[in-house]
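Here's the structure we're looking at; comments come further down.
There are 2 protein chains.
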Amino acid sequence: MRTRPLKVALLGCGVVGSEVARIMTTHADDLTARIGAPVELAGVAVRRPSKVRAGIDPALVTTDATALVKRGDIDVVVEVIGGIEPARTLITTAFEHGASVVSANKALIAQDGAALHATAEQHGRDLYYEAAVAGAIPLIRPLRESLAGDKVNRVLGIVNGTTNFILDKMDSTGAGYQEALDEATALGYAEADPTADVEGFDAAAKAAILAGIAFHTRVRLDDVYREGMADVTAADFASAKRMGCTIKLLAICERAADGGSVTARVHPAMIPLSHPLASVREAYNAVFVEAEAAGQLMFYGPGAGGAPTASAVLGDLVAVCRNKLGEATGPGDSAYTQLPVSPMGEVVTRYHISLDVADKPGVLAQVATVFAEHGVSIDTVRQTGKDGEASLVVVTHRAPDAALSGTVEALRRLDTVRGVASIMRVEGE
Amino acid sequence: MRTRPLKVALLGCGVVGSEVARIMTTHADDLTARIGAPVELAGVAVRRPSKVRAGIDPALVTTDATALVKRGDIDVVVEVIGGIEPARTLITTAFEHGASVVSANKALIAQDGAALHATAEQHGRDLYYEAAVAGAIPLIRPLRESLAGDKVNRVLGIVNGTTNFILDKMDSTGAGYQEALDEATALGYAEADPTADVEGFDAAAKAAILAGIAFHTRVRLDDVYREGMADVTAADFASAKRMGCTIKLLAICERAADGGSVTARVHPAMIPLSHPLASVREAYNAVFVEAEAAGQLMFYGPGAGGAPTASAVLGDLVAVCRNKLGEATGPGDSAYTQLPVSPMGEVVTRYHISLDVADKPGVLAQVATVFAEHGVSIDTVRQTGKDGEASLVVVTHRAPDAALSGTVEALRRLDTVRGVASIMRVEGE
């Protein structure tokens, strides 16, 4: 075994970074045995050096992250700052100065993964980021390596713990959105400004990364269709229950039936209670993968938190260190299929539409005609009404999203339709 | 990209082997892109050469497996024969003659993994066997690589599809064991002789492999405690339901609380319905992992079948080919912790015991005294009775298995205890 240690620079020492540093110290012997050489924390770049950091030698702490990644003796840079800059420049500089990189930065990888991979490859370095999607759940490595001999056709993921916590509360207690969000905030599952989570931005970044890896192509953040879950109501859950479903915020990446394109989207959707994703509770994450030969797989676990994210970072750190010792690099970017990303209108799925309508004869016939005119075939209709008002719940067969949008637009123009109460896609069947 | 193809020899061309050969042909372009060089099927060793094999060039087929692995120009040998010999000798010969090996052979890896790893390492070859445990589910790679920076404390697995199908049927239909087994046989989920599955031999081999990888130590097949599930009754399921539980055949690998030893066992157990493993239906497999930093993870998917197993084999094939091209080897055997395996008597868990007792005053006091004398603390007791006979269901707190065994032996000696109807461990709480 080599005795000269591999040197690790840590960029960021917040919830995740401090946990990475702690485990590197407490589990040093295990890491040494698994890597084949000791690893040494050679520097920690932080914004506020005055903050006391238990277990970290103050002599290692610096505010000059750039100087740290430029030192030239660093083997691996662990980036847990988050955000686009300065993370992007620091990672690029690290590659140029001899280091491989382990990152937990979903926003950056989703936006600039291609360029960063290219720089890594140009310099013969590794770029690993298991922690960027679904925290501790091994996902990037299984998709990229275990399924490397298979063909993934669909990925359905619950990849945001905050929104799953809120939807699970609404499902189990009958609470409304605001009440469930308040509870999530009080318990620390939602941030003071929950926009990134509830509007699906966080999930969209993960969907872009997952789609790229699953289909060996390039999916940019802008390619991902995104709808938040703030409009989901207790009535939607009641309606889902009647159908034997629940509602989850899903990241959905699909290969088109003809194999010639892919789609990626994030939105709330009804899924059958019998689907493995339906029983994913609280803030847990899970990703359901359909592959041609493997069939249906699911990966489940905590999607966030200091220790779980640190676990993923350290798994990558061990792999990158082993590669360094073997003077090799791991499997890099794989985007050879160059499949185009189709717009949302071409996505084909089923829909659950709730309409408030006038309670008089002929309304159902009018509504059914509109669906037929747009080529959207109806599976079931449920009609309930009293006092001149009625509600109509229509569940369709599979149809393109554009056809459904056209249908809804036309329905809104009918005098007898007072309003479209909700439109929800039905997945996982 | 290199144009000289990597040469693959296939040993065995049954359900899995023929699927491997098929995918190598139909997905040749994808494999080439992912590996960085083409792969070529260079030979197929079979027992019955006369059998027609669709899509395989008859010129590649041979009955002389030894000559095939000795050819010297083979880069990777894929062993899907199963069993101990001739698989073991062929794999060893392959290592000696320049090839790395991908195997799906759980029995061989469980029995001789250490020796085979040593031979592979001595010759600078890879030995990969993702397909040996839980078919298509990526498990070996996540445990060995993704969690390489973490400390796994427990693995609970449903790793045998046949028994899960039977237990799921019993749970959902109230059927008895024989009726459910007959249905599994009729549907092809159980073999004509189901012994290896229902007696837990298959699961025990997987438990040995999982425990070794999870704890970085050596667990031999003989170290695994094993109980089959043929004695599980409809009454057990009814009792489980009253406790909010179901019954699964589990492979359980645990690190002792003091960290100084490990245990591995296979037996039917009650688990709470809220546990993620409880909702694993039909012939699906799932492995639940508890790690110090990552927390609770679960990996779910088809545990057997030609295509799913081929998916795992091909994932390994891609990795081994990439290693060959990079003149490297992947992470090999990791057994550095050398933790001893404790006997079943030292396992600490909870128990559900059904007793047939005389329905007269003082019986409960007698029974409770026996538990107390053996240091087994009672959690709940439920007593039901009529016509002079009664049944007593005792659920205990956590206690060593040896203490429970002693308790049961003493209970059998009581005049008032007519019989011990069932003893089942309660896990996953």
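From first to last, the protein sequence lines stand for chains W and F. Numbered per the working numbering, the first sequence spans residues 1 to 429. Numbered per the working numbering, the second sequence spans residues 1001 to 1429. Just so you know, even glycine gets a beta-carbon here, dropped at the ideal spot from N, CA and C. Here the structure is a predicted model, which is why all the values come from computation and not from measurement.
At the level of alpha carbons, what is the spacing between S172(W) and G72(W)?
Each residue's alpha carbon lies about 54 Å from the other.
Compare the C-beta of G1295(F) with all C-beta atoms of chain W and state if any pair is closer than 8 Å.
Yes, G1295(F) lies at the interface with chain W (some Cβ there is under 8 Å from its Cβ).
Rounding to the nearest angstrom, what Cα-Cα distance links A1136(F) and G1014(F) in this structure?
When rounded, the distance between both Cα atoms is 17 Å.
For A368(W), the nearest candidate out of Y351(W), G55(W), T407(W) and G332(W) (CA to CA)
Of the candidates Y351(W), G55(W), T407(W) and G332(W), the residue whose Cα lies closest to the Cα of A368(W) is T407(W).
Who are the near neighbours of A1110(F) in its chain, counting only those whose CB is closer than 6 Å to its CB and skipping five residues on each side?
Residues of the same chain with a CB within less than 6 Å of the CB of A1110(F), apart from the 5 flanking positions on each side, are A1205, A1208, I1209 and L1221 in chain order.
Pairwise C-alpha distance: A148(W) and G1306(F):
Whole-angstrom Cα-Cα distance: 17 Å.
Using a C-beta to C-beta distance shorter than 7 Å, which residues of chain F count as neighbours of Y448(W)?
Nothing about residue 448(W) can be reported from this structure: the residues present for chain W run from 1 to 429 only.
Identified DSSP bridge partners for L181(W)
Partner(s): none; L181(W) has no beta bridge.
Exposure of D202(W), with buried meaning 16 or more beta-carbon neighbours within 10 Å:
With 16 or more Cβ atoms within 10 Å of its Cβ, D202(W) is classed as buried.
Can you tell me the Cα-Cα spacing of H97(W) and G43(W), whole angstroms?
Spanning the two alpha carbons is a distance of roughly 15 Å.
Spell out the partners DSSP gives E1389(F) in its beta bridges.
Beta-bridge pairing links E1389(F) to A1358(F) and K1386(F).
If you draw a straight line from the C-alpha of K1007(F) to the C-alpha of V1076(F), how long is it?
As the crow flies, the alpha-carbon of K1007(F) is around 6 Å from that of V1076(F).
If you check the beta carbons only, do A257(W) and D356(W) fall under 8 Å apart?
Cβ distance not < 8 Å, so A257(W) and D356(W) don't count as in contact.
Collapsed DSSP secondary structure at E1040(F) in the structure displayed:
Note: E1040(F) maps to strand in three-state DSSP.
Ordered along the chain, which non-local residues of its own chain (more than five positions away) have a Cβ less than 7 Å from that of D1236(F)?
Excluding residues within five positions, the ones whose Cβ falls inside 7 Å are I1247, S1422 and M1424.
Shorter than 8 Å from the beta carbon of I1434(F) to some beta carbon of chain W?
Here chain F covers residues 1001 to 1429 and nothing more, so residue 1434(F) does not appear.
Going straight from the alpha carbon of F376(W) to that of H352(W), what length do you get?
According to the sequence displayed, residue 376(W) carries Val and not Phe. Their backbone Cα atoms lie some 12 Å apart in a straight line.
Please list, in chain order, all residues of the same chain as I56(W) whose beta carbon is under 8 Å from its beta carbon, the five residues on each side excluded.
Correct list, in chain order: C13, S18, A21, L41 and V44.
Alpha carbon to alpha carbon, what distance is there between I1252(F) and A278(W)?
Whole-angstrom Cα-Cα distance: 26 Å.
If we cut at 8 Å on Cβ distances, does F1215(F) have a partner in chain W?
In terms of beta-carbon proximity, F1215(F) stays away from the interface with chain W, with every pair separated by 8 Å or more.
Quick check: what's the CA-CA separation for P1308(F) versus V1016(F)?
In a straight line, the C-alpha of P1308(F) is about 9 Å away from that of V1016(F).
Mind pulling the chain F residues with CB within less than 9 Å of P331(W)?
Listed along the chain, the chain F residues whose CB falls inside 9 Å of the CB of P331(W) are R1034, V1318, A1319 and R1322.
Minimum C-alpha distance to G1259(F) - residue among V1101(F), M1229(F), Y1284(F) and H1216(F):
For G1259(F), the nearest C-alpha among the options comes from H1216(F).
If the cut is a Cβ gap below 7 Å, which residues of chain W does M1229(F) touch?
At a beta-carbon threshold of 7 Å, none of the residues of chain W lie near M1229(F); the nearest stands roughly 23 Å away.
For A180(W), which residues in the same chain have their Cβ closer than 7 Å to its Cβ, ignoring the five residues on either side in sequence?
Closer than 7 Å at Cβ, skipping near neighbours: I166, K169 and M170.
Strictly by DSSP, which residues pair up with G14(W)?
Answer is none; G14(W) lacks a bridge partner.
Which bits of chain F does E145(W) rub up against, with CB to CB less than 7 Å?
Within chain F, the residues placing a beta-carbon under 7 Å from that of E145(W) are R1141, G1315 and A1319, ordered along the chain.
Apart from the five residues on each side of it in sequence, which residues of its chain come closer than 6 Å, Cβ to Cβ, to V1219(F)?
Excluding positions up to five away in sequence, the list reads A1208, A1211, G1212, A1264 and V1341.
Out of G388(W), C321(W), V395(W) and H374(W), state which residue places its alpha-carbon closest to the alpha-carbon of T380(W).
The shortest C-alpha to C-alpha distance from T380(W) to any of G388(W), C321(W), V395(W) and H374(W) is the one to V395(W).
Just reading off the alpha helix (DSSP H) that E1121(F) is part of, what are its end residues?
E1121(F): member of the alpha helix (DSSP H) spanning K1106 to H1123, first to last residue.
With a threshold of 8 Å between beta-carbons, can D150(W) be considered close to chain F, or not?
Taking Cβ atoms only, chain F reaches closer than 8 Å to D150(W), which makes this a yes.
Within 8 Å (strictly less), CB to CB, does S18(W) reach chain F?
No - not a single Cβ of chain F is within 8 Å of the one on S18(W).
Is DSSP giving A1269(F) helix, strand or coil here?
Look at A1269(F) here: in three-state DSSP terms it is strand.
Pull up the distance between the alpha-carbon of V1046(F) and that of A1009(F), whole angstroms please.
Between the alpha carbons of V1046(F) and A1009(F) lies a gap of roughly 11 Å.
Identify the continuous alpha helix (DSSP H) that holds P308(W) and give its terminal residues.
From DSSP, the alpha helix (DSSP H) with P308(W) extends over G306 to L325.
Near-chain F residues of the region 300 to 314 of chain W - C-beta to any C-beta below 8 Å:
Here the close residues are Y300, G301, P302, G305, A307, P308, A310, S311, A312, V313 and L314.
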